[in-house]
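Visitor:
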Amino acid sequence: MWLPLVGLLIGILLGLLTELRVPEEYTNYLSIAVLAALDTLFGGLRAHLQDTFEQAVFVSGFFFNILLAAGLAFLGVHLGVDLYLAAIFAFGVRLFNNIAVIRRLMLQKWMTKKKSKENL
Amino acid sequence: MITRRKLVFTMVAFLVGFMIAIQFQTTRKPAARDTRDIWELREDIEKEKITQQELLYEIQSYESLLNEYVSKQDKERMKTMQLELKSLKKEAGLTKVSGQGIVMTIEPLFSEALLGEPIGYVTDDLLMRLLNEINLYDAEAISIADQRIVTNTAVREVNGKTYINNRPLPPLPVEINIISDDPEKMHAKMAASQAMDDFAKENLGLTLDPEIKDKLTLPAYEQHIPVKFMKKAGEDS
């Protein structure tokens, strides 16, 4: 459980230390990519808790979602329609859903643990 | 299998963290840095000091004026006020003014017969540019074709004619009178001015009278200056 967290921290640290910057025009794409990545991450966590995790789906979903979101934003810029809003909306809703499910699962686990302790 | 799953999670989490960090760094605006070196700072201080001094002078003059209002008798008070009014009117350009200055003339550069095409007129842009330049060299008072230029003088183009103070510009040649505290300097600056070239591009010649006039008289601004934002002060203020 703690290994992914360490990974996240190392990623953030490394990102801050490298002082890498994306050109101003591409921040939109990056923000959407971050959202997509977060969505995939939480989706994976949920699948893991529900025991439906599949590695190939997870990894492919991670990259595919990022590319799709950035591509949608790109298309939106060229069509003059704010298509990235669609991506933000979809990922936002899914993020909330996933987190809600994760919360419920965690709560359930905790409750059963507590109950089993009481029974002992 | 579990460890491998963890590894994948870790990798993805790492990538997410990296992306978040980059995004954070990109959106965080770099703090505006003061890049002035010591000489620029000194210059800036010098400038501010001069401004301060000017403001102090102004305060002093107003205070002395106020003192005069307060200390003198009614009759004298009236006199002081009238004097002040006069000086304000002079500053606003509502009075005739005379002094040392220079004269410039706008005339056609080449005649119509020579060019075979009509001579251009003095455009408002051209005049504005010239006025800005003259004002830049600290002119005291300016008049173009006997129209006094004051702060809210309008130089406009209407239907192919240039209007100053809502009066059309007379046919060429047009005379520009400039009064200045330092006419020699003004003369030198105008002699080296870019304005002549700008006028020449429109087939107009801007000539500078070679001698400095000892006594130029400029007419007063004839129209009413609308006062938009000033109000009469109350009794107690």
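First to last, the sequence lines map onto chains Z and H.
Read in order, the letters of the first sequence are residues 349 to 468 in the numbering used here.
Read in order, the letters of the second sequence are residues 106 to 342 in the numbering used here.
Ideal placement from N, C-alpha and C gives every residue a C-beta, glycine not left out.
1. According to DSSP, which residues form a beta bridge with P213 (chain H)?
2. Residues of chain H with a CB under 8 Å from the CB of Q403 (chain Z): which are they?
3. Between R369 (chain Z) and chain H, is any beta-carbon pair separated by less than 7 Å?
4. With burial defined as no fewer than 16 other Cβ atoms inside 10 Å of the residue's Cβ, what is the status of I164 (chain H): buried or exposed?
5. 7 Å is my cut-off, CB to CB: does A118 (chain H) come that close to chain Z?
6. Measuring CB to CB, does E217 (chain H) end up less than 7 Å from I224 (chain H)?
7. What do you reckon, are the CB atoms on T131 (chain H) and V370 (chain Z) nearer than 7 Å?
8. With a 10 Å radius around its C-beta and 16 neighbouring C-beta atoms as the bar for buried, classify H292 (chain H) as buried or exposed.
9. Is it buried or exposed, L241 (chain H), if we count other Cβ atoms within 10 angstroms and call 16 or more buried?
10. At the level of alpha carbons, what is the spacing between P315 (chain H) and A305 (chain H)?
11. Can a CB atom of chain H be found closer than 7 Å to the CB of G355 (chain Z)?
12. Which one or two residues does DSSP pair with A246 (chain H) in a beta bridge?
13. In the DSSP assignment, what are the bridge partners of I164 (chain H)?
14. Looking at the secondary structure, which residues open and close the alpha helix (DSSP H) in which K461 (chain Z) lies?
15. Is the beta carbon of D303 (chain H) closer than 7 Å to that of V260 (chain H)?
16. Please report the distance separating the alpha-carbon of W458 (chain Z) from that of H426 (chain Z).
17. I'd like to confirm the pairing. Which residues does DSSP put opposite Q252 (chain H) in its beta bridges?
18. Is P352 (chain Z) buried or exposed, if buried means 16 or more other CB atoms sit within 10 Å of its CB?
19. Using the beta-carbon of each residue, which ones in chain Z are nearer than 9 Å to A126 (chain H)?
20. Can you name the residues that DSSP bridges to I330 (chain H)?
21. Measure the alpha-carbon distance for M200 (chain H) versus T140 (chain H) and round it to whole angstroms.
22. Which first and last residues belong to the alpha helix (DSSP H) in which V425 (chain Z) is found?
23. Please name the residue in Z:Q403, Z:V429, Z:R394 and Z:G359 whose C-alpha comes closest to that of V382 (chain Z).
Guide: Reading from the atomic positions:
1. Position 108 of the second sequence, counted from the first residue, corresponds to residue 213 (chain H). Beta-bridge analysis with DSSP links P213 (chain H) to H:L309.
2. By 1-based counting over the first sequence, the position of residue 403 (chain Z) is 55. By Cβ distance, chain H contributes R109, R110 and V113.
3. For this step, residue 369 (chain Z) is matched to residue 21 along the first sequence. With 7 Å as the cut-off, R369 (chain Z) counts as an interface residue toward chain H.
4. In the second sequence, counting from the first residue as 1, residue 164 (chain H) sits at position 59. Classification of I164 (chain H): exposed, given that the 10 Å Cβ count is below 16.
5. Here residue 118 (chain H) refers to the residue found at position 13 when the second sequence is read from its first residue. At least one C-beta of chain Z is nearer than 7 Å to the C-beta of A118 (chain H).
6. Along the second sequence, read from residue 1 onward, the residue named residue 217 (chain H) stands at position 112. Along the second sequence, read from residue 1 onward, the residue named residue 224 (chain H) stands at position 119. Yes, they are a contact pair.
7. Within the second sequence, the letter at position 26 stands for residue 131 (chain H). Within the first sequence, the letter at position 22 stands for residue 370 (chain Z). Yes. Within cutoff.
8. Position 187 of the second sequence, counted from the start, is the residue given in the question as residue 292 (chain H). With a 10 Å radius around the Cβ and a threshold of 16 neighbouring Cβ atoms, H292 (chain H) comes out buried.
9. Within the second sequence, residue 241 (chain H) is the residue found at index 136, counting from 1. Under this definition L241 (chain H) is an exposed residue.
10. As a working note, residue 315 (chain H) is residue 210 in the second sequence. As a working note, residue 305 (chain H) is residue 200 in the second sequence. Pairing P315 (chain H) with A305 (chain H), the inter-Cα distance amounts to about 19 Å.
11. The count along the first sequence starts at 1 and reaches residue 355 (chain Z) at position 7. Interface residue (Cβ-Cβ distance to chain H less than 7 Å): G355 (chain Z) is classified as such.
12. Locating residue 246 (chain H) in the second sequence gives position 141, counting from the first residue. Residue pairing of A246 (chain H) in beta bridges, as defined by DSSP: H:I284.
13. Taking the second sequence and counting its residues from 1, the one referred to as residue 164 (chain H) is at position 59. As far as DSSP is concerned, I164 (chain H) takes part in no beta bridge.
14. Counting from one through the first sequence, the residue named residue 461 (chain Z) turns up at place 113. Start and end: Y432 to N467.
15. Residue 260 (chain H) sits at position 155 when you count from the first residue of the second sequence. Residue 303 (chain H) sits at position 198 when you count from the first residue of the second sequence. D303 (chain H) is positioned such that its CB atom lies no closer than 7 Å to that of V260 (chain H).
16. For the purposes of this step, residue 458 (chain Z) is taken as the residue at position 110 of the first sequence. For the purposes of this step, residue 426 (chain Z) is taken as the residue at position 78 of the first sequence. One C-alpha to the other measures close to 49 Å.
17. Translated into the one-based positions of the second sequence, residue 252 (chain H) becomes position 147. Under DSSP, Q252 (chain H) takes part in a beta bridge, and its partners are H:I249.
18. Position 4 of the first sequence, counted from the first residue, corresponds to residue 352 (chain Z). With at least 16 other beta carbons inside 10 angstroms of its own, P352 (chain Z) counts as buried.
19. In the second sequence, the residue the question calls residue 126 (chain H) occupies position 21. Ordered by position in chain Z, the residues that pass the 9 Å Cβ test against A126 (chain H) are G359, I360, L361, L362, G363, L364, L365, T366 and L368.
20. Mapped onto the second sequence, residue 330 (chain H) falls at position 225. DSSP output for I330 (chain H) lists no bridge partner at all.
21. Against the second sequence, residue 200 (chain H) aligns to sequence position 95. Against the second sequence, residue 140 (chain H) aligns to sequence position 35. Note that residue 200 (chain H) is Thr in the sequence shown here, rather than Met. Between T200 (chain H) and T140 (chain H), the alpha-carbon positions lie close to 48 Å from each other.
22. For this step, residue 425 (chain Z) is matched to residue 77 along the first sequence. Going by DSSP, V425 (chain Z) is part of the alpha helix (DSSP H) stretching over Q403 to L427.
23. Here residue 382 (chain Z) corresponds to residue number 34 of the first sequence, with the count starting at 1. Nearest in C-alpha terms to V382 (chain Z), of all of Z:Q403, Z:V429, Z:R394 and Z:G359, is Z:G359.
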